[in-house]
Amino acid sequence: MYRLPLRRFTRCYSISKIESDRLGHAARKKLIAEDTQSYYPPIQSTRGTRMLKIPEFVNQWSHHDFNQYDNKRFPELYQVEGKIRSIRASGKGMYFIDVIQGDSKLQILANNKLMNLSKDEFHQLHSFFRKGDIISGIGYPSTTNVGELSLKLSQPIRILTPCLNSTMIPEELTQKSKINTNRVLNYLVNQDSIDTMKIRSHIIQSIRTFFLNKQYLEVQTPILTGAGTGANAQPFTTHLKNSFFQNQPLQLRVAPELWLKKMVIGGFEKIFEIGVSFRNEGIDSTHNPEFTTCEFYQAYTSLPELIEITENLFQRLYLDLSTLNVPLLERNLPDLVNLSKGNFPKYEFIPTLESITGKTLPSTLDSESLVDYHRALNQSLPSNLSSASLLDNLASIYLEPIISSKHPNTPVFLYNQPAELSPLAKSTHISYSSRSYEISLRFECFINGKEYINAYEEENNPFEQAKKFKLQQVQKADYNDNESLIPDWNYVNSLEYGLPPTGGWGCGIDRLCMLFVGSDRIESVLPFGGLKDVFRN
Numbered sequence: 001m002y003r004l005p006l007r008r009f010t011r012c013y014s015i016s017k018i019e020s021d022r023l024g025h026a027a028r029k030k031l032i033a034e035d036t037q038s039y040y041p042p043i044q045s046t047r048g049t050r051m052l053k054i055p056e057f058v059n060q061w062s063h064h065d066f067n068q069y070d071n072k073r074f075p076e077l078y079q080v081e082g083k084i085r086s087i088r089a090s091g092k093g094m095y096f097i098d099v100i101q102g103d104s105k106l107q108i109l110a111n112n113k114l115m116n117l118s119k120d121e122f123h124q125l126h127s128f129f130r131k132g133d134i135i136s137g138i139g140y141p142s143t144t145n146v147g148e149l150s151l152k153l154s155q156p157i158r159i160l161t162p163c164l165n166s167t168m169i170p171e172e173l174t175q176k177s178k179i180n181t182n183r184v185l186n187y188l189v190n191q192d193s194i195d196t197m198k199i200r201s202h203i204i205q206s207i208r209t210f211f212l213n214k215q216y217l218e219v220q221t222p223i224l225t226g227a228g229t230g231a232n233a234q235p236f237t238t239h240l241k242n243s244f245f246q247n248q249p250l251q252l253r254v255a256p257e258l259w260l261k262k263m264v265i266g267g268f269e270k271i272f273e274i275g276v277s278f279r280n281e282g283i284d285s286t287h288n289p290e291f292t293t294c295e296f297y298q299a300y301t302s303l304p305e306l307i308e309i310t311e312n313l314f315q316r317l318y319l320d321l322s323t324l325n326v327p328l329l330e331r332n333l334p335d336l337v338n339l340s341k342g343n344f345p346k347y348e349f350i351p352t353l354e355s356i357t358g359k360t361l362p363s364t365l366d367s368e369s370l371v372d373y374h375r376a377l378n379q380s381l382p383s384n385l386s387s388a389s390l391l392d393n394l395a396s397i398y399l400e401p402i403i404s405s406k407h408p409n410t411p412v413f414l415y416n417q418p419a420e421l422s423p424l425a426k427s428t429h430i431s432y433s434s435r436s437y438e439i440s441l442r443f444e445c446f447i448n449g450k451e452y453i454n455a456y457e458e459e460n461n462p463f464e465q466a467k468k469f470k471l472q473q474v475q476k477a478d479y480n481d482n483e484s485l486i487p488d489w490n491y492v493n494s495l496e497y498g499l500p501p502t503g504g505w506g507c508g509i510d511r512l513c514m515l516f517v518g519s520d521r522i523e524s525v526l527p528f529g530g531l532k533d534v535f536r537n
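Using UniProt numbering, the first residue of the sequence shown is number 1, and each one after it goes up by one.
Printed below as a string of structure tokens:
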């Protein structure tokens, strides 16, 4: 029988210094600090028999018939490791300890008789342990009189990592201020916070698998870049201390779009990227300066095909998540069943806006005409009076919330936006009641009023793209629009090699996570919260 010498345990704890059952938090911490090597041992030095992870132990022994053995105890030793979730004493001669590892729990039963120790000696050794300690135990697979699977220890517990803040771990944590400033404690206490990170991981995995199964190539493009943003957003800027760059300004990317399209030009016809981008803009319940997206680009792809891919992705995502055994997800999935049905509602921008407002749009969508249109609707003006900003304001007031309210918990497509809103999208002219407008071959996907996906046929005409970039510069100069697209003239040069007719698509991963966990705040689905929380953790 494998057994560690008892003197190693006695030396490790030195509990005789203080009566162990009165050992306070400060005294225990001081005791550990005096001999840290004994309390943080290399894990291999604590192992000595067959190891099983607790999930493996539970899976192997949970349906075993122990009645065939003496004392309902399998006669061979096994070792497990895990974190103490609860510990309770029954006199001085017995301890019941619930240990967790991953999603599994196992009861460890420590008894002085099985260890051939006196009650006092046994109690002196085991009263040291606290909730949160990470331990190792060696013993016999068994069951209690009430049928609970247990490991009955044959020797004293070994400490792997003590929890020095055991007295500071509450039973629950509900105050948002405490959750946001101490995510580690939140994970230790709140199962929903752990479930949220699991759901996030599975969402990313499901999306990645969806594209890989369709033979897309996953790529990583630069995060630290020069001028040229690839999105209507304000970037973070910095400088590199290197003589080669001569203090040339650098930016954290606001989107990977232009890099990915350059790769399509280079011959990569089906690619995607999952990664972070950064925007130096406001922080609110659905926006964080650092955020995660998925973008894909596929040559020879039209707008209707992009819509079909989106519907298929939502169906696949819902199906994948519905197979998981995650309580938080199980509570929210029933409300999202429409994601699995496909053929989502579709609304065209201009006809829908005119139908909702009851007023015809001006024939020319310039700033002056759109300001008059706002006034005719008795709507306040946005701070920026560029045509793009005014159109976006109308969409946020009339289109996004109203069309979503008609279809709760359902993806809704808003398509054929005015070209002023989409400087990187391919455009065409469409007539509405004899009025012709330049329209982007684009859609946005909304659920409950929040945008989740933006997609369009890419502008592949270098002459048109150059003209649209110049218009962005005019908008920035005339209206001080900090969110105007910063032109990338290298991209225009790359277009001259020939970009096939290409469909591009971007999705906010953080918002998808919010949807599936039932949260209305982005910080709840980020591992350490929003930017404000990151500074406090």
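Heads up, the beta-carbon is just placed ideally off N, CA and C, and yes, glycines get one too.
| Query | Result |
| --- | --- |
| Given Phe-344, which residues of its chain have a CB within under 7 Å of its CB, disregarding the five upstream and five downstream residues? | Glu-311, Thr-410, Pro-411, Val-412 and Phe-413 |
| Going by the beta-carbon positions, is the gap between Glu-269 and Pro-256 smaller than 7 Å? | no |
| Assign Ile-135 to one of two classes, buried (16 or more other C-beta atoms within 10 Å of its C-beta) or exposed (fewer than that). | buried |
| If I measure Cβ to Cβ from Asn-247 and keep anything under 6 Å in the same chain, skipping five residues before and after, which residues do I get? | His-239 |
| Mind reading off the beta-carbon distance from Ile-207 to Leu-109? Whole number of angstroms is fine, and I expect it under 8 Å. | Wrong, their Cβ atoms sit about 45 Å apart, outside the cutoff. |
| Among the candidates Arg-521, Glu-457, Val-517 and Asn-490, whose CA atom is the shortest distance from the CA of Pro-501? | Glu-457 |
| From Leu-52 to Leu-114, what distance separates their C-alpha atoms? | 21 Å |
| When the distance is taken between beta carbons, is Gly-137 closer than 7 Å to Leu-117? | no |
| Buried or exposed: Thr-292, going by 16 or more other Cβ atoms within 10 Å of its Cβ? | buried |
| Roughly how many angstroms separate the alpha carbons of residue 554 and Arg-130, rounded to a whole number? | Nothing in the structure corresponds to residue 554, since the chain is present only between 1 and 537. |
| What first and last residue would you give for the beta strand (DSSP E) that runs through Met-263? | Unbroken run through Met-263 is the alpha helix (DSSP H), 257-265; no beta strand (DSSP E). |
| Would you please state the rounded distance, in angstroms, between the beta carbons of Leu-390 and Ser-422? I believe it to be under 8 Å. | Going by Cβ atoms, the distance from Leu-390 to Ser-422 rounds to 15 Å, so no, they are not a contact pair. |
| Of the residues Pro-249, Tyr-373, Leu-441 and Lys-72, which one's Cα is nearest the Cα of Gly-503? | Leu-441 |
| Please determine if the stretch 24-44 and the stretch 61-80 are in contact, where contact requires at least 3 C-beta pairs separated by less than 8 Å. | no |
| Secondary structure at His-429, three-state DSSP: helix, strand or coil? | strand |
| What is the DSSP secondary structure of Leu-250, counted as helix, strand or coil? | strand |
| Quick check on Tyr-497: does DSSP put it in helix, strand or coil? | coil |
| What is the residue span of the alpha helix (DSSP H) that Asn-213 lies within? | 191-213 |
| Nearest by alpha-carbon distance to Gln-417: which of Lys-406, Thr-286, His-429 and Pro-408 is it? | His-429 |
| Taking the straight line between their C-alpha atoms, what separation do you get for Ile-283 and Gln-234? | 13 Å |
| Looking at Ile-54: is its Cβ nearer than 7 Å to the Cβ of Gln-101? | yes |
| For Ile-403, I'd like the list of residues in its chain whose CB is within less than 6 Å of its CB, leaving aside the five on either flank, ordered along the chain. | Tyr-347 and Val-412 |
| Could you give the distance in angstroms between the alpha-carbon of His-123 and the alpha-carbon of Asp-192? | 36 Å |
| Using only alpha-carbon positions, find the residue among Ala-299, Phe-236, Ile-307 and Asn-378 that is nearest to Ser-277. | Phe-236 |
| When the Cα of Arg-200 is compared with those of Asn-280, Phe-516 and Lys-450, which residue comes out closest? | Phe-516 |
| Out of Phe-244, Glu-295 and Leu-258, which has the shortest C-alpha to C-alpha gap to Ile-204? | Glu-295 |
| Rounded to whole angstroms, what is the Cα-Cα separation between Lys-450 and Ser-519? | 12 Å |
| Give every residue of the same chain whose Cβ lies closer than 8 Å to the Cβ of Ser-433, excluding the five residues on either side of it in the sequence, and list them in chain order. | Thr-360 |
| Put Ile-397 into one of helix, strand or coil per three-state DSSP. | helix |
| Arg-253 and Pro-289 look like a contact to me (Cβ under 8 Å); what is the Cβ gap, rounded to whole Å? | No, Arg-253 and Pro-289 are not in contact; Cβ-Cβ is about 12 Å, not under 8 Å. |
| DSSP puts Glu-348 in a beta bridge; with which residues? | Tyr-415 |
| Mark Gly-529 as exposed unless 16 or more other C-beta atoms lie within 10 angstroms of its C-beta, in which case mark it buried. | buried |
| Are the Cβ atoms of Leu-365 and Glu-420 separated by less than 7 Å? | yes |
| Classify Asn-288 as helix, strand or coil using the three-state DSSP reduction. | coil |
| Note down, in chain order, each residue of its chain lying with its Cβ closer than 7 Å to the Cβ of Pro-487, except the 5 sequence neighbours on either side. | Gly-228, Phe-469, Gln-472 and Gln-473 |
| Run through the DSSP bridge pairs and tell me what Asn-332 is partnered with. | Answer is none; Asn-332 lacks a bridge partner. |
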